[in-house]
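Chemist: Sequential numbering of the sequence shown, starting at 323, is according to the working numbering.
After the structure tokens below, expect a handful of questions from me.
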Amino acid sequence: MTNEEMQRTMEFILNQQAQFVASQQKADERFARLEDIVSKLAAATLSRFESTDARVSALSEEVDAKFAALIDSQMRTEESIKKTDEAVRNLTAVVDRYFRERNGQKGS
Numbered sequence: 323m324t325n326e327e328m329q330r331t332m333e334f335i336l337n338q339q340a341q342f343v344a345s346q347q348k349a350d351e352r353f354a355r356l357e358d359i360v361s362k363l364a365a366a367t368l369s370r371f372e373s374t375d376a377r378v379s380a381l382s383e384e385v386d387a388k389f390a391a392l393i394d395s396q397m398r399t400e401e402s403i404k405k406t407d408e409a410v411r412n413l414t415a416v417v418d419r420y421f422r423e424r425n426g427q428k429g430s
């Protein structure tokens with residue numbers, strides 16, 4: 323190999339090395355951008371999960387409170403119905419007694 327051929331070979335190798343270094347730099351820059359994007363996506367996803375979890379918890383508490391209020395209301399309604407039933411039975415007895423006495427049928 324002559325000096326000139328060796329010189330060209332070395333220049334070729336140096337050019338290849340320079341291209342490789344430039345290519346590696348670009349790859350490193352792309353990788354850094356991708357790392358940043360992935361970090362931002364992870365943070366946004368975590369934020370969404372936390373926000374969703376908070377909303378689900380709040381809705382769960384609201385539903386629990388509404389169910390408790392509904393149960394309380396149902397219990398009060400049942401108590402009111404019992405009192406109404408008793409009042410209707412008493413009224414029926416009074417009306418029945420009135421008509422029996424009026425028709426001359428005392429006590430039974």
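Cβ coordinates follow ideal geometry from the N, Cα and C atoms, glycine included.
Fair warning: this is a prediction, and the values are worked out from it, not measured in the lab.
Along the alpha helix (DSSP H) that carries Thr367, what are the first and last residues, could you check?
Modeler: Counting along the chain, the alpha helix (DSSP H) containing Thr367 begins and ends at Asn325 to Arg424.
Chemist: I'd like the list of long-range same chain contacts for Ser328, defined as Cβ closer than 7 angstroms, with 5 residues on each side in sequence excluded.
Modeler: The amino acid at residue 328 is misidentified as Ser; the sequence shows Met. Contacts found: none.
Chemist: Would you kindly work out how many angstroms separate the C-alpha atoms of Glu326 and Arg352, rounded to a whole number?
Modeler: Near 39 angstroms, if we compare the C-alpha coordinates of Arg352 and Glu326.
Chemist: Leaving out five residues before and five after Met323 in sequence, what residues of the same chain have Cβ atoms less than 8 angstroms from its Cβ?
Modeler: Correct list, in chain order: Thr331.
Chemist: Among the residues of its own chain, which have a CB less than 6 angstroms from the CB of Gln338, if the five just before and after it don't count?
Modeler: Closer than 6 angstroms at the Cβ level, and outside the excluded window around Gln338, lies no residue.
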